[in-house]
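Protein chains in written order, with our numbering: chain P, 1 to 340; chain Z, 1 to 340; chain X, 1 to 340; chain S, 1 to 340.
Using N, Cα and C, we set each Cβ at its ideal position, and we do this for glycine too.
There are 4 protein chains.
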Amino acid sequence: MLFFSCDYAEGCHPRVLEALTRTNMVSTPGYGDDDFSELAKEKIREYIKCPEADIYFLVGGTQTNQVVIDSMLSNYDGVVAAATGHVAMHEAGAIEYSGHKVITLPEHSGKIDADELKQMLVDHYSDASAEHMVNPGMVYMSFPTEYGTLYSRDELGNISSICREYEIPLFIDGARLAYGLAAQNELTMEDIAEYADVFYIGGTKVGALFGEAVVFTKRNTPKHMITQIKQHGALLAKGRLLGVQFGALFTDNLYLEMGHHAIKQANIIREDLKKKGYQLYMENPTNQIFVVMDNKELDKFGEKVVYGFWEKYNEEKTVIRIATSWATTDSDVEELRKIL
Amino acid sequence: MLFFSCDYAEGCHPRVLEALTRTNMVSTPGYGDDDFSELAKEKIREYIKCPEADIYFLVGGTQTNQVVIDSMLSNYDGVVAAATGHVAMHEAGAIEYSGHKVITLPEHSGKIDADELKQMLVDHYSDASAEHMVNPGMVYMSFPTEYGTLYSRDELGNISSICREYEIPLFIDGARLAYGLAAQNELTMEDIAEYADVFYIGGTKVGALFGEAVVFTKRNTPKHMITQIKQHGALLAKGRLLGVQFGALFTDNLYLEMGHHAIKQANIIREDLKKKGYQLYMENPTNQIFVVMDNKELDKFGEKVVYGFWEKYNEEKTVIRIATSWATTDSDVEELRKIL
Amino acid sequence: MLFFSCDYAEGCHPRVLEALTRTNMVSTPGYGDDDFSELAKEKIREYIKCPEADIYFLVGGTQTNQVVIDSMLSNYDGVVAAATGHVAMHEAGAIEYSGHKVITLPEHSGKIDADELKQMLVDHYSDASAEHMVNPGMVYMSFPTEYGTLYSRDELGNISSICREYEIPLFIDGARLAYGLAAQNELTMEDIAEYADVFYIGGTKVGALFGEAVVFTKRNTPKHMITQIKQHGALLAKGRLLGVQFGALFTDNLYLEMGHHAIKQANIIREDLKKKGYQLYMENPTNQIFVVMDNKELDKFGEKVVYGFWEKYNEEKTVIRIATSWATTDSDVEELRKIL
Amino acid sequence: MLFFSCDYAEGCHPRVLEALTRTNMVSTPGYGDDDFSELAKEKIREYIKCPEADIYFLVGGTQTNQVVIDSMLSNYDGVVAAATGHVAMHEAGAIEYSGHKVITLPEHSGKIDADELKQMLVDHYSDASAEHMVNPGMVYMSFPTEYGTLYSRDELGNISSICREYEIPLFIDGARLAYGLAAQNELTMEDIAEYADVFYIGGTKVGALFGEAVVFTKRNTPKHMITQIKQHGALLAKGRLLGVQFGALFTDNLYLEMGHHAIKQANIIREDLKKKGYQLYMENPTNQIFVVMDNKELDKFGEKVVYGFWEKYNEEKTVIRIATSWATTDSDVEELRKIL
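Quick look at the structure:
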């Protein structure tokens with residue numbers, strides 16, 4: 001079977017595995033208080049040209065969103081997100097579990113719109129009942145979005161400006177950051193660090209066994225952050241594993257290199273799909289391709305390819321996801337093209 | 001000044017005050033474990049013809065919604081409500097604070113639609129990602145709604161049937177129940193008790209100083225309910241005050257009588273508004289009237305009448321609320337008519 | 001039956017009831033945004049000689065403790081209290097429900113000891129695992145304590161100094177404040193306001209139908225306090241009821257006068273008990289008397305007097321509570337003395 | 001430097017690393033829905049002779065305690081633990097964060113006592129104020145305890161019986177289970193599974209990179225368990241990593257073999273310490289040794305050995321922890337003996 005259903009189907013990139021293997025029997029203190037972690041943080045700081053960045057390594061995406069949002073918000077705050085945002089849809093209520101409302105804005109190809117954000121804030125603060133409502137205390141966006149789309153520099157800049165104006169932090173979920181950066185020429189990780197108040201660099205979906213690097217870029221780390229991470233059950237005992245992995249990801253540009261690889265593979269498939277007349281559900285430039293398939297054709301397709309079910313399109317058709325990753329080989333792509 | 005901004009602007013109905021005064025120096029045990037409370041519960045059980053009903057008296061509406069929802073839901077459950085539902089909009093995130101997502105459905109004049117509810121449930125349980133999503137564990141509706149509208153017997157019956165089919169409780173918020181019952185002929189409180197799995201009879205907005213009576217109608221009281229109420233800070237030390245007040249409300253049909261009074265006054269005002277050519281923002285038969293007013297006219301109106309600001313209609317016009325209640329006198333109505 | 005089991009067995013003091021009756025039909029805005037509430041706050045500020053005090057009226061004690069503690073603490077903070085403190089024992093986990101650990105210190109006649117508090121703080125901050133532990137973020141004490149005992153000025157001053165040194169707020173639960181103030185000559189409410197960072201003036205147990213006045217004395221009100229109160233389900237719609245009641249309590253010194261009345265009655269009973277050879281479980285100067293009674297004698301006593309069961313003393317004896325209040329009449333005391 | 005400060009200082013056992021390496025490029029579905037995980041669960045079920053066991057793999061210990069306790073308890077429940085229990089002391093309030101009180105019992109060499117547990121339950125349910133108190137809804141114990149001590153079969157059996165009698169689950173935290181099983185002859189993992197209602201098999205401290213296997217042994221898995229895990233941010237995307245690791249741990253008896261190795265090394269050191277006249281802070285048979293050291297001697301010791309600081313013994317002496325593990329080599333032990 002060909003495996004194209006997601007970008008977290010394999011273990012880790014060989015260079016990450018090599019680093020884990022090489023350091024396996026080194027003894028270190030626990031909870032991230034080790035040299036591997038320090039070194040990895042230093043590499044990231046240099047990479048994003050933000051020497052004052054404060055970095056924490058966590059294990060997974062939902063955990064990271066919960067910890068970041070809950071530690072930065074006060075009781076009375078909610079987080080603003082697209083209706084299709086991961087925190088709004090597919091985290092089993094992890095944000096509400098930690099006491100905060102997800103205030104949704106309409107999604108436009110998975111993105112929030114700066115004008116709608118502004119209007120929502122204007123309306124909120126001019127509402128006579130504002131004291132009886134959840135305060136919009138943070139803006140969350142994913143880059144790329146859950147639909148694989150990207151904010152342009154203008155779009156991101158506008159949203160960031162609004163956040164600064166209202167003094168609420170902008171949090172960018174970079175679960176697939178490498179794929180977003182590799183798919184366009186406008187924005188670098190340095191830009192992401194500049195526009196965001198906090199963001200995370202996704203490892204789980206980009207070549208690590210697991211791990212997300214949370215970066216506070218504006219000297220704005222919540223107090224007692226280690227205690228807050230521990231309290232959420234998110235402090236890894238062998239924190240060095242995260243340091244070793246992110247150290248490898250940020251050595252010799254591996255992180256972005258994996259991004260480019262996945263995008264190259266996705267583009268080949270995307271072109272092939274278009275050439276063969278398939279209907280794309282939504283245009284996007286990153287590693288996830290959403291295709292509308294005839295159900296009968298899909299039955300056959302599914303015999304050879306593990307794909308991601310996205311949603312019913314209508315009675316006869318289905319939207320599926322085809323995802324490439326750092327692990328997608330040329331022969332995988334060739335095989336897929338033969339089947340399409 | 002004439003006061004028409006809300007239905008909780010005065011203290012309590014004279015008969016309620018008389019009961020509080022008469023019983024003031026009687027010594028009773030605390031926390032609702034007193035004869036006044038027992039008697040009031042008995043009266044309500046008889047009134048709704050539901051001898052197995054289990055009744056708890058709480059202090060206020062948001063508190064009641066929080067306690068009922070949180071005590072009936074499991075961690076993994078959210079509550080389904082109209083986007084304009086009180087729990088979704090104007091409770092400062094009290095539901096999320098207790099760990100539960102408010103899953104919103106579109107509102108239609110403040111109401112949820114049975115077909116949309118059904119479709120949402122069908123979609124949820126057929127979603128491959130359902131395990132990663134909040135489980136719809138309860139349906140919340142208000143009767144009347146936040147817009148003063150009412151569900152018909154058919155609408156309520158359909159929603160109730162869907163809840164039974166999916167084995168999720170239907171919770172009816174009756175903050176203004178008397179005004180809803182008095183404004184139509186189809187549904188009685190007995191019917192409400194039958195269709196709902198749990199509902200509350202609002203006292204705060206209908207003649208009590210404060211107080212809401214939560215009624216579990218299907219032998220479905222959550223375990224350790226007193227402990228759960230206490231844990232939410234919602235157990236009134238002098239619980240007898242609630243018993244005394246609800247005892248008075250359910251003596252000589254006072255509760256519904258007050259409902260009829262407010263509806264009669266509202267209808268006089270409503271007719272007058274229509275006759276004089278005012279634009280109603282939304283048609284509804286209950287004690288809240290939403291009027292679109294020209295801003296200049298509103299300035300003058302506001303010099304003589306305390307009204308409720310609802311929202312901006314456009315640059316020139318504003319939606320205001322005029323609310324009657326058990327306390328609205330004939331002379332108040334006459335005065336208002338002169339000003340209109 | 002004589003009723004001596006608690007100090008919240010009746011409604012409210014006649015002067016409070018008179019004020020409620022007199023203002024009953026006045027129309028006011030909701031949620032505490034009314035003139036009665038403003039006036040009551042002004043009276044309290046004058047009484048405690050703290051013009052910068054910020055005051056909020058809530059309904060009940062557990063609710064108040066939950067709201068104050070949760071709004072002042074950060075996620076990583078817990079509250080330090082005596083093992084017998086109300087928040088540690090008898091609030092059904094309301095503090096933990098809001099996410100915070102109650103860190104207990106040993107109790108000494110219901111009180112915490114300044115040296116033990118200091119040692120705990122020293123130990124915590126020198127503990128290599130401090131980051132893995134709950135941060136002591138507030139000190140809670142009750143005045144009087146749950147055992148009716150009182151802190152001396154020295155004791156209170158020492159604890160307050162330690163709190164200042166460690167920059168953690170001192171919260172004084174004054175559910176029975178009037179009885180504590182009336183029972184000694186050292187400390188006034190002005191002193192309480194000075195030593196505390198936040199405290200509350202209990203109304204429920206001192207002549208109000210319900211109500212507690214939270215006083216932030218150091219310009220330290222948590223942000224968005226109304227929203228936080230609402231979020232906890234603790235914002236009373238007819239907030240004016242609290243303003244009217246506290247206005248009456250702080251008119252013509254009624255609050256302290258009621259305190260003196262209850263102490264006078266308690267002292268008569270206490271003397272009588274001692275003279276007749278009863279064993280007091282714990283010496284204290286306030287309105288609660290803890291007596292060790294022989295079980296057989298207690299059976300008879302219970303036929304005529306409603307007392308509070310406190311705990312088993314041994315197989316043959318029981319500790320009971322006899323509480324006086326503003327409502328205890330001379331004839332009640334005489335009757336009780338005849339029975340003893 | 002010699003590293004004896006903890007049992008999670010290295011990566012993983014070579015056989016675990018080999019399994020991870022061997023399976024690294026295999027594509028699998030995410031979130032534990034893979035064959036490696038199924039196989040590992042099957043191996044554990046066979047090992048504990050409990051075919052009906054329901055097993056979930058989580059990442060770390062505090063996370064596991066939080067998820068298990070919160071998913072099994074109702075709102076009104078707390079968890080009973082020793083005052084020194086990990087959940088009571090060193091989890092940064094993770095249990096309270098999820099809304100539940102940790103009800104502490106005195107510790108006896110880190111253990112709770114069956115009689116004291118029974119008495120606490122008897123007292124609770126006979127307390128007139130029980131409704132105002134947190135309900136004891138679960139008993140938590142660690143095996144070995146935080147002090148490296150072990151419950152005997154009798155002690156465990158008695159506690160288990162009390163839990164059955166009161167119908168509250170017994171949860172055994174087996175973070176170091178292998179070391180506990182290897183250090184005595186009375187109890188097997190099969191016994192643990194029998195006495196407990198839920199327990200976990202610790203991987204992090206016994207040869208895995210990370211991972212804990214939660215075992216529900218009495219057909220008592222909480223509903224919607226995957227959703228609850230996700231909601232706590234604890235669902236690992238590449239769940240297969242846990243399956244692969246536990247598969248290796250339960251192949252060829254590796255798990256217990258590592259336990260025996262650590263105990264053998266600990267016993268050599270323990271004997272050496274005794275022979276050389278060192279004072280042990282507490283006798284225990286497992287892999288953690290608590291030694292009272294003179295501060296001056298400790299300064300020198302610390303130049304060559306990384307030890308765990310435990311607590312100050314007095315002004316001149318300190319309690320330290322020396323921990324062995326699966327990774328402690330014979331030469332490590334020899335070197336340490338030379339230094340002692």
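(1) Give the interface partners of residue 227(X) over in chain P, defined as CB-CB distance under 7 Å, in chain order.
(2) Chain X beta carbons: is any one of them nearer than 9 Å to that of residue 71(P)?
(3) Output needed for residue 336(Z): all residues of its chain with C-beta closer than 7 Å, excluding positions within five of it in sequence on either side, in chain order.
(4) Within the 9 Å Cβ cut-off, does residue 291(Z) reach chain P?
(5) Can you look up residue 5(S) in the DSSP assignment and give me helix, strand or coil?
(6) Can you list the residues of chain P that residue 208(Z) reaches, using a CB-CB cut of under 9 Å?
(7) Of the residues that make up the stretch 101-121 of chain Z, which ones have a beta carbon closer than 9 Å to any beta carbon in chain P?
(8) Please list the residues of the stretch 295-322 of chain Z that have a C-beta atom closer than 7 Å to any C-beta atom in chain P, keeping them in chain order.
(9) Does the stretch 106-123 of chain X touch the stretch 149-156 of chain X, meaning 3 or more C-beta pairs lie closer than 8 Å?
(10) Locate the alpha helix (DSSP H) running through residue 76(S), then write down its first and last residues.
(11) Given a threshold of 16 other Cβ atoms within 10 Å of its Cβ, counted over all protein chains shown, does residue 339(P) qualify as buried or as exposed?
(12) Output, in chain order, the set of chain S residues within a Cβ distance shorter than 7 Å of residue 231(Z).
(13) Going by CA-CA distance only, name the one from 222(S), 276(S) and 287(S) that's closest to residue 54(S).
(14) Whole beta strand (DSSP E) runs in the stretch 71-157 of chain S with 3 or more residues, listed along the chain?
(15) Between residue 103(Z) and the rest of its own chain, which residues show a CB-CB distance below 8 Å, the 5 nearest in sequence each way excluded?
(16) Measuring straight from C-alpha to C-alpha, what distance separates residue 100(P) and residue 93(Z)?
(17) Determine the chain S residues that contact residue 8(P) at a beta-carbon separation under 7 Å, and present them in chain order.
(18) Please classify residue 10(S): does DSSP put it in a helix, a strand, or coil?
(19) Determine whether the Cβ of residue 124(Z) lies closer than 9 Å to any Cβ atom of chain S.
(20) Is the Cβ-Cβ distance between residue 265(S) and residue 206(S) less than 9 Å?
(21) Residues bridged to residue 170(X) by DSSP?
(22) Is it a yes or a no for the stretch 159-176 of chain P touching the stretch 18-35 of chain P, going by three-plus beta-carbon pairs under 8 Å?
(23) Which one or two residues does DSSP pair with residue 223(P) in a beta bridge?
(24) On a Cα-Cα basis, can you pick out the residue from 36(S), 68(S) and 144(S) that is closest to residue 248(S)?
(25) Taking only runs of the alpha helix (DSSP H) that begin and end inside the stretch 177-205 of chain X, which ones reach a length of at least 4 residues, in chain order?
(26) Step through the CB atoms of chain Z and report whether any lies within less than 9 Å of the CB of residue 99(S).
(27) In angstroms with no decimal places, state the Cα-to-Cα distance between residue 209(Z) and residue 325(Z).
(28) Can you pull the chain Z residues whose beta carbon is under 7 Å from the beta carbon of residue 96(P), in chain order?
(29) Do the CB positions of residue 327(Z) and residue 10(Z) come within less than 9 Å of each other?
(30) Within the same chain, show all residues whose beta-carbon is closer than 6 Å to that of residue 237(X), passing over the 5 residues directly before and after it, in chain order.
(31) With DSSP run on the structure shown, which of helix, strand or coil describes residue 67(S)?
(32) Here's a check: name, in chain order, each residue in its chain whose Cβ is nearer than 7 Å to the Cβ of residue 50(X), leaving out the five neighbours to either side.
(33) In whole angstroms, what separates the C-alpha of residue 83(S) from that of residue 226(P)?
(34) Can you pull out the residues from the stretch 145-165 of chain X whose beta carbon lies closer than 8 Å to at least one beta carbon of chain Z?
(35) Skipping 5 residues on each side, what residues in its chain have a beta carbon closer than 7 Å to that of residue 272(X)?
(36) May I have a chain-ordered list of the alpha helix (DSSP H) segments no shorter than 4 residues that lie completely inside the stretch 278-328 of chain S?
According to the structure shown:
(1) Here residue 227(X) is taken as the residue at index 227 of the third sequence, counted from 1. Per Cβ cutoff of 7 Å: 76, 131 and 135.
(2) Start at 1 with the first residue of the first sequence, and residue 71(P) comes out as number 71. So yes, residue 71(P) belongs to the interface.
(3) Sequence index remark: in the second sequence, residue 336(Z) carries index 336 (1-based). Result list for residue 336(Z): 2, 4, 269 and 305, in chain order.
(4) In the second sequence, residue 291(Z) corresponds to position 291, counting from 1. No, no contact with chain P.
(5) As a first step, residue 5(S) must be located in the fourth sequence, where it is residue number 5. In the structure shown, residue 5(S) sits in coil (DSSP, three-state: anything other than H, G, I, E or B).
(6) Sequence index remark: in the second sequence, residue 208(Z) carries index 208 (1-based). Neighbours of residue 208(Z) on chain P: none; closest Cβ ~21 Å, over 9 Å.
(7) 101, 102 and 104
(8) 309
(9) yes
(10) Position 76 of the fourth sequence, counting from 1, holds the residue named residue 76(S). Where residue 76(S) is concerned, there is no enclosing alpha helix (DSSP H), given that its DSSP letter is neither H nor E.
(11) Working through the first sequence from its first residue, we reach residue 339(P) at position 339. Exposed is the call here.
(12) Reading the second sequence from its first residue, position 231 is the one you call residue 231(Z). Result: 75 and 76.
(13) Start at 1 with the first residue of the fourth sequence, and residue 54(S) comes out as number 54. Selected option, being the one with the closest Cα: 222(S).
(14) 77-82, 102-105 and 135-142
(15) Here the question's residue 103(Z) lines up with position 103 in the second sequence. If we look at residue 103(Z) and ignore the five residues flanking it on each side, its Cβ neighbours are 78, 79, 80, 81, 120, 134 and 136.
(16) As a working note, residue 100(P) is residue 100 in the first sequence. As a working note, residue 93(Z) is residue 93 in the second sequence. Approximately 7 Å, taken between the alpha carbons.
(17) One-based indexing of the first sequence puts residue 8(P) at position 8. Under the 7 Å cutoff, chain S gives 30, 237 and 238.
(18) Locating residue 10(S) in the fourth sequence gives position 10, where the first residue counts as 1. The answer is coil: DSSP assigns residue 10(S) none of H, G, I, E or B.
(19) In the second sequence, counting from the first residue as 1, residue 124(Z) sits at position 124. No - not a single Cβ of chain S is within 9 Å of the one on residue 124(Z).
(20) Here residue 265(S) is taken as the residue at index 265 of the fourth sequence, counted from 1. Here residue 206(S) is taken as the residue at index 206 of the fourth sequence, counted from 1. No, the Cβ-Cβ distance between residue 265(S) and residue 206(S) is not below 9 Å.
(21) Counted from its first residue, the third sequence places residue 170(X) at position 170. Answer is 139(X).
(22) no
(23) Within the first sequence, residue 223(P) is the residue found at index 223, counting from 1. Bridge partners of residue 223(P): none, in fact.
(24) Taking the first residue of the fourth sequence as 1, we reach residue 248(S) at position 248. Selected option, being the one with the closest Cα: 36(S).
(25) 177-182 and 189-195
(26) Stepping through the fourth sequence from its first residue, residue 99(S) is reached at position 99. Yes, contact with chain Z.
(27) On the second sequence, residue 209(Z) is found 209 positions in, with the first residue counted as 1. On the second sequence, residue 325(Z) is found 325 positions in, with the first residue counted as 1. Roughly 13 Å separates the two Cα atoms.
(28) Position 96 of the first sequence, counted from the start, is the residue given in the question as residue 96(P). Here the neighbours are 96, 99, 100 and 101.
(29) The residue you call residue 327(Z) lines up with position 327 of the second sequence. The residue you call residue 10(Z) lines up with position 10 of the second sequence. A contact, by the Cβ cut-off of 9 Å.
(30) If you number the third sequence from 1, residue 237(X) lands on position 237. For residue 237(X), where only same-chain residues beyond five positions count, the Cβ hits under 6 Å are 30.
(31) Here residue 67(S) refers to the residue found at position 67 of the fourth sequence. Helix at residue 67(S).
(32) Within the third sequence, the letter at position 50 stands for residue 50(X). So the list reads 193 and 217, once near-sequence residues are dropped.
(33) To locate residue 83(S), count along the fourth sequence from 1; it is residue 83. To locate residue 226(P), count along the first sequence from 1; it is residue 226. Going by the C-alpha atoms only, they are around 23 Å apart.
(34) none
(35) Numbered from its first residue, the third sequence carries residue 272(X) at position 272. Here the set comprises 337 and 340.
(36) 295-304
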